[in-house]
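Structure, as structure tokens:
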Amino acid sequence: MTRELVYTGFITLDGVADSPGGTVEGHRSGGWVARHDFLPEAFSLKGEELGETTALLFGRRSYEAFGAVWPQSEDHAAYHDLPKYIASSTIGEGDLVEGWGDTTILRSTQDVAALKQTDGGSIFIHGSAELARNLADAGLIDRYNLLVFPYLLGAGKSIFGRADREATALRLRESQAYPNGVLKVIYDVMHEH
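Numbering (my numbering), first residue to last: 19 to 211.
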């Protein structure tokens, strides 16, 4: 039984995942999560994931962004001692955050595939749009946990590739619509065997 690799994140209706917290992240319409009408129940998915997460996988930029905040964040205390993996061909051991759990650098998609064959539970990817695209193209993403926000940003980083390819079928596991227009959708990826 392989470990389940889950992408979790905030996206807009047109699939953009970048700059949910502010324009400093690069998108002129950044801050769309923080700007949106806040309903605590619309974020319940994040709490539900805590008990299911056994490891975290990041791309380099997301690791650096989260690593600057999460180790001190009470909201993310449950993640503190979990094993962390960084998929990056450029990050070095000296770039790792000290005292934030066991951290392993993965240099290739093949390394991620090998990680999925190890013992343990679900591995969650937060942010990391480029990594999500690359792993989806390699058939390694097993589930999407998405909070879809009612915005169309046009430009921006998407977690979905734009190349012409064979369709990937998804099966809806769970959904919920919230009064502020946010949708929770959880899709299992239907891998062809």
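Glycine included, each C-beta is placed from N, C-alpha and C at the ideal position.
Computed from a predicted structure; not experimentally measured.
Simplified DSSP assignment, three categories, for residue i
i: Gln194; result: strand
i: Phe56; result: coil
i: Arg183; result: coil
i: Val127; result: The residue you asked about is not Val; residue 127 is Thr in the sequence shown. Thr127 falls in the helix class under three-state DSSP.
i: Phe178; result: coil
i: His144; result: strand
i: Leu170; result: coil
Residue i: first and last residue of the uninterrupted beta strand (DSSP E) it sits in
i: Lys202; result: 201-207
i: Arg161; result: 161-167
i: Val24; result: 23-30
i: Ala154; result: Segment 147-155 is the alpha helix (DSSP H) holding Ala154; no beta strand (DSSP E) there.
Buried/exposed call for residue i, threshold 16 Cβ in 10 Å
i: Ala105; result: buried
i: Pro38; result: buried
i: Ser176; result: buried
i: Ala36; result: At residue 36 the sequence reads Asp, which differs from the Ala that was named. Classification for Asp36: buried.
i: Leu31; result: exposed
i: Arg161; result: buried
i: Phe84; result: buried
i: Val87; result: exposed
Residue from the options with nearest C-alpha to residue i
i: Pro197; options: Thr71, Val166, Asp120; result: Val166
i: Thr103; options: Trp50, Arg151, His144; result: Correcting the residue identity first, residue 103 is Tyr in this sequence and not Thr. When only C-alpha atoms are compared, the closest one is His144.
i: Ala154; options: Thr186, Phe28, Ile141, Lys175; result: Thr186
i: Gly139; options: Gly199, Thr71, Met208; result: Thr71
i: Phe61; options: Val115, His98, Ala147, Asp93; result: Asp93
i: Ile141; options: Trp118, Leu75, Gly117; result: Leu75
i: Gly117; options: His98, Asp129, Glu192; result: His98
Limits of the alpha helix (DSSP H) - the one that residue i falls within
i: Phe76; result: That residue, Phe76, is in no alpha helix (DSSP H); its beta strand (DSSP E) goes 71-77.
i: Ser62; result: 62-68
Residues near residue i by beta carbon distance below 8 Å, same chain, minus five either side
i: Arg151; result: Ser176, Ile177, Phe178, Gly179
Contacting residues, own chain, Cβ-Cβ under 7 Å from residue i (five flanking each side not counted)
i: Leu63; result: Asn163, Leu165, Lys202
i: Leu68; result: Ala96
i: Val207; result: Ile159, Asp160, Arg161, Thr186, Leu188
Cutoff 6 Å; reference residue i; Cβ partners in own chain excluding five residues on either side
i: Ala156; result: Thr127
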